[in-house]
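First residue of the sequence shown: 1, per the numbering used here; consecutive thereafter.
The C-beta atom is built at its ideal place from N, Cα and C for all residues, glycine as well.
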Amino acid sequence: MNVIRGYKKDDEEGGKSGPFQNLEKSTVLQEARAFNDNVLNNKKCTLILTKILYLMNQGVTLTPAEATQTFFAITKLWQSKDITLRRLVYVSVKEMAKIANDVIIVTSSLTKDMTGKEDQYRGSAIRALCVITDNTMVQAIERYMKQAIVDRNPSVSSAALVSALHIFQRGAVEIVKRWVNEAQEASTSDHLMVQYHAIGLLYHIRKHDRLAVTKMVTKLSRSGLRSPFGYCLLIRIACKVLEREERSSNNMLYDFLESCLRHKNDMVVYEAARAMVNLSNITARELQPAVSVLQMFLSSPKAVTRFAAVKTLNRIAMIHPDVVTSCNIDLENLISDTNRSIATLAITTLLKTGNEASVDRLMKQITSFMSEISDEFKTVVVEAIRSVCIKFPRKHHILMTFLANMLREEGGFDYKKAIVNTIIAIIEENSEIKDVGLSHLCEFIEDCEHIELATRILHLLGREGPRTQKPYKYIRFIYNRVLLEAATVRAAAVTSLAKFGASCEDLLESILVLLERCLLDNDDEVRDRALLYMEVLKQKQKSLSSAFILNPISVSVVGLERALLAYCSQPNDDPFDIKTVPIETTPYNETPKSIGEVTTGGSVIKSAPVASKHDIFVEQLSAIPQFSKLGPLFKSSDSPVELTESETEYVVRCVKHTYLNHLVFQFDVTNTLNDQLLENVRVEMEETEGFSIISYIPIASLPYGQPKTAYTLVGIEDNTIVSGTFLNTLKFIVKDCDPNTGEPDDDQGYDDEYVLENVDILLSDHMQRIVKPNFAASWEEIGEENQTEGTYALSSMKDISDAVKQITGFLGMQSCERSDQVDHNRTSHTLLLAGVFRGGHEVLVRARLAQTGQVTMKMTVRSKDLNTCELVAAAIN
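Next comes the structure, spelled out in structure tokens:
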């Protein structure tokens, strides 16, 4: 203890090691021999036990032999009367019980301490005893546990209640349910923690009985609780019940939440307000009482209370900004708060709730505020500014100027990336400010030290620059990157220059001169790109420029590598077909993810790169011999189809996989009955027109709670049929088994079946989404000779916005050039879609929508394969 007392904070700041910094496991276990001394040195034994626990909590692993030897040495310490040492012994017994053998030998000693007269031992003994006691031995201590739950000593009662909860979660459900009367008596205790723990145990015993939980909350709320922790727990329980039921059918619980807003304890009041905010489908009117108490908390002298209030108001502002408007004056006072976390949240909340007239004043306040906070907080503010840009389009110039000034200041990568993302979002939202935004980004890349940001801006300049009124003014900034930057940036600049040459005929000759200079670059990537683009541009053919520059082929790099390896691994006289390579697509309605997420506390959580869903499915399916000859996987459905309700005895989900001439249905099956073992589990499907069932791959054995997968292979017999409905039946052999061990009662079972929901095959299952940065170029590349037109009345669709959403989802294609963004004030709209049909056929759709009485659509489909054109057009009918 003297060693610990002598350790100062200055030592840590100076880089010196702590008292246990360089402990060796072997040395500490050697020291544990002191536990066997005839005369115990309590201080020495206490320090050794502390070292052992420190090592275990630092992740040092003891072998079963070492743990057992140390455990039996620790049992010798029971003869000590030192309170600190004895309590450390109980903690050590709990830790050692996980790895040592024969720990059950101390049961009698723990039981003696549990029922003894020394209250300081009893609580710790109960905790240790319940850890080493398995479910079969709980009955032996049941009488003692019941007595301990209602014990007058609060530490003993709390220890018994918490231990009972652990025993309940380990599986001794029926035994612990018999302790309800004692737990109810403990819930009336005057001690705060005993009452809290008793309510927790009662809830876990009754949580599967909604009526019982409702009655418990009602009864306890009426009787009144002394414990604020108990109130907080009751609030959370009430919210769970309200989320599962219709609120109108349980107004009593909602009234309880409102009553807690008037509690004298701030913790209870905040918990009730936060709970109401988190309720789904809550209205602005119902939120008003919670906002009122949170507004009071904004002027609290406690920083933690102010932080909690402003954080919750920030959350409300995302859903119901008008409700928080009444708090704006109090929030403005917090901008100068000494706690920068509170000030940042106040700023971001004001940006979401303020009106258009207040934006100018807020931006002036933020300007002086930004110099005082870290990059992480600045990033949070920038994200809030992005939402303001969407809300108030007429303030784009002010916000763009502010962001440009921030871009010139010092800052890290994440901060700069957030600003660049926001400027790009503004450019895409408002074409009128495109020139200003691109000019700011051009100035930024003059001194940008981040390669990723420079290449992204160059890509944006190549896409948007040619469409501006004066595209030539961006050429200088782009060519400077060829002269001054790293090879990666130079390669991106070459591609950007080529896009200007392909899109602007008057700049073509100048671009060719600049590209010719790039042929002398010392990097082969830069030289190769420049040479390719030069040869394409010299041909002056729009189809070539579109295919190789404006809309280059978009394939999965991993899929391309796999396809090339497979092609080279076996002799083949046929040329390699790029259409067999999976398409690299942008998932529907999925926003690009940043490399990290900034929390309100200012920390950054980095997200690790993960394999794509398509690559995972390819690995899984290619490992199955029946599917290895089907060719490359074209597409897997975006989300699984639920074929059963989540509460049924068998849960089945279906994922559809599309190949060139086959469909594979993946059925993920879960058995939720613990007294049944299923064998030979398969999903049998009835054939439908155009498709034929080829084979089934069943699940050999399906135990309780372990999801496994069955497959059905279906052949595509008629390529002109892209839709159909399959009727499904889950068939299996049932064997009754022991719920605890999972072992079947006998070897014989009986056949059974379970009817599932139907699975529909749609056009979207045969279509991959692809991105076309320059839709017009691809449209002209295919030409009028490869198109089909049709006019349709969309009577089932409410308006143009609904039509855009449904058409995009039905066709399974990617919207281009933000054509999925609909202006609600207009009565006409043009939707541009791009996709690849099964077999590698590119498809483009231009749908002109108009709304008079109902929505009408004139749709033009273009594809170099006329059969695909007709298929897509026919599917709309």
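N- and C-terminal bounds of the beta strand (DSSP E) containing residue i
i: TYR704; result: Neither: TYR704 is in no beta strand (DSSP E) and is coded neither H nor E.
i: ILE694; result: 691 to 697
i: MET137; result: It is not in any beta strand (DSSP E) - MET137 carries neither H nor E in the DSSP assignment.
Cutoff 7 Å; reference residue i; Cβ partners in own chain excluding five residues on either side
i: SER25; result: Reading the sequence as shown, one finds Lys at residue 25 and not Ser. Same-chain partners within the cutoff: LEU55 and VAL60.
i: GLY631; result: THR580, TYR659 and LEU660
i: LEU519; result: ARG527, ALA530 and LEU531
i: GLY354; result: ASN328 and LEU362
i: GLU142; result: ILE175
i: ILE800; result: VAL822, HIS829, LEU849, GLN851 and VAL855
Candidates the options: closest to residue i by CA position
i: ARG682; options: ASP668, ASN758 and PHE691; result: ASP668
i: THR827; options: ARG848, GLN814 and GLY839; result: ARG848
i: ASP765; options: ASN101, LYS656, ASP524 and VAL89; result: LYS656
i: GLU753; options: ALA493, ILE733, LYS364 and GLY354; result: ILE733
i: CYS504; options: ARG467, TYR711 and TYR479; result: ARG467
i: GLN365; options: THR348, HIS263 and ASP266; result: THR348
i: LEU702; options: ALA498, PRO744, VAL513 and ARG386; result: PRO744
i: ILE316; options: ILE335, LEU298 and ARG274; result: ARG274
i: LEU727; options: GLU687, ASP718, ILE697 and ARG33; result: GLU687
i: ALA198; options: ARG210, HIS208 and VAL180; result: VAL180
i: GLN748; options: PHE20, ALA793 and LYS735; result: LYS735
i: PHE72; options: LYS43, ASN57 and ALA34; result: ALA34
i: ALA418; options: GLU452, LEU508 and SER227; result: GLU452
i: THR111; options: LEU225, SER124, MET276 and ALA100; result: SER124
Limits of the unbroken alpha helix (DSSP H) element including residue i
i: PHE256; result: 251 to 260
i: TYR754; result: Element bounds for TYR754: not the alpha helix (DSSP H) but the beta strand (DSSP E), 750 to 755.
i: ASP760; result: From DSSP, ASP760 is part of no alpha helix (DSSP H) but of the beta strand (DSSP E) over 759 to 761.
i: ARG476; result: 475 to 484
i: CYS463; result: The amino acid at residue 463 is misidentified as Cys; the sequence shows Arg. Note, ARG463: alpha helix (DSSP H), 451 to 464.
i: GLY559; result: 557 to 568
i: PRO321; result: 321 to 324
i: ILE329; result: 328 to 333
Reduced DSSP category for residue i - H, G, I as helix; E, B as strand; rest coil
i: PHE444; result: helix
i: MET767; result: strand
i: LYS735; result: strand
i: MET296; result: helix
i: THR61; result: coil
i: PRO301; result: coil
i: PRO744; result: strand
i: THR600; result: Only weak support exists for where THR600 lies, its pLDDT of 34 falling under 50; the coordinates are left without a value.
i: LYS16; result: With a pLDDT of 47 at LYS16, under the threshold of 50, the predicted position of this residue should be treated as unreliable, and no value is reported.
i: LEU678; result: strand
i: GLY715; result: strand
i: HIS829; result: strand
i: SER815; result: strand
i: ARG848; result: strand
i: ILE40; result: Ile is not the amino acid found at residue 40; the sequence shown has Leu there. Of the three classes helix, strand and coil, the one that applies to LEU40 here is coil, per DSSP.
i: PRO592; result: The predicted model places PRO592 with a pLDDT of 37, which falls under 50 and marks its position as unreliable; any figure quoted below should be read in that light. In this structure, PRO592 counts as coil in the three-state DSSP scheme.
Other residues of its chain near residue i: CB distance less than 8 Å, five sequence neighbours each side excluded
i: SER636; result: LYS613, HIS614, PHE617, VAL655, LYS656, HIS657 and THR658
i: ARG481; result: ILE445, ALA454, LEU458, VAL489, ARG490, ALA492 and ALA493
i: MET363; result: ILE398, LEU399 and PHE402
i: ILE782; result: GLU842, LEU844, ARG862, SER863 and LYS864
i: ILE433; result: HIS396, HIS397, MET400, ILE426 and ILE427
i: ASP119; result: ASN153, SER155 and VAL156
i: VAL436; result: HIS397 and MET400
i: LEU512; result: GLY501, MET534, LEU537 and LYS538
Beta-bridge pairing of residue i - partner residues as DSSP gives them
i: GLY790; result: MET859
i: GLU842; result: VAL836
i: GLU642; result: ARG653
i: TYR54; result: Per DSSP, none; premise fails for TYR54.
i: LYS635; result: THR658
i: MET685; result: ASN728
i: VAL669; result: VAL652 and LYS708
i: ILE583; result: VAL555
Minimum Cβ-Cβ distance from residue i to chain C less than 8 Å
i: SER163; result: Among the chains of the structure shown, chain C does not appear; only one protein chain is present.
Same chain, Cβ closer than 6 Å to residue i, five either side skipped, listed in chain order
i: PRO609; result: Unreliable positioning characterises PRO609 in this predicted model, as indicated by a pLDDT of 43, which lies under 50. A coordinate reading is not provided.
i: THR338; result: none
i: ASP151; result: SER157
i: PRO321; result: LYS352 and THR353
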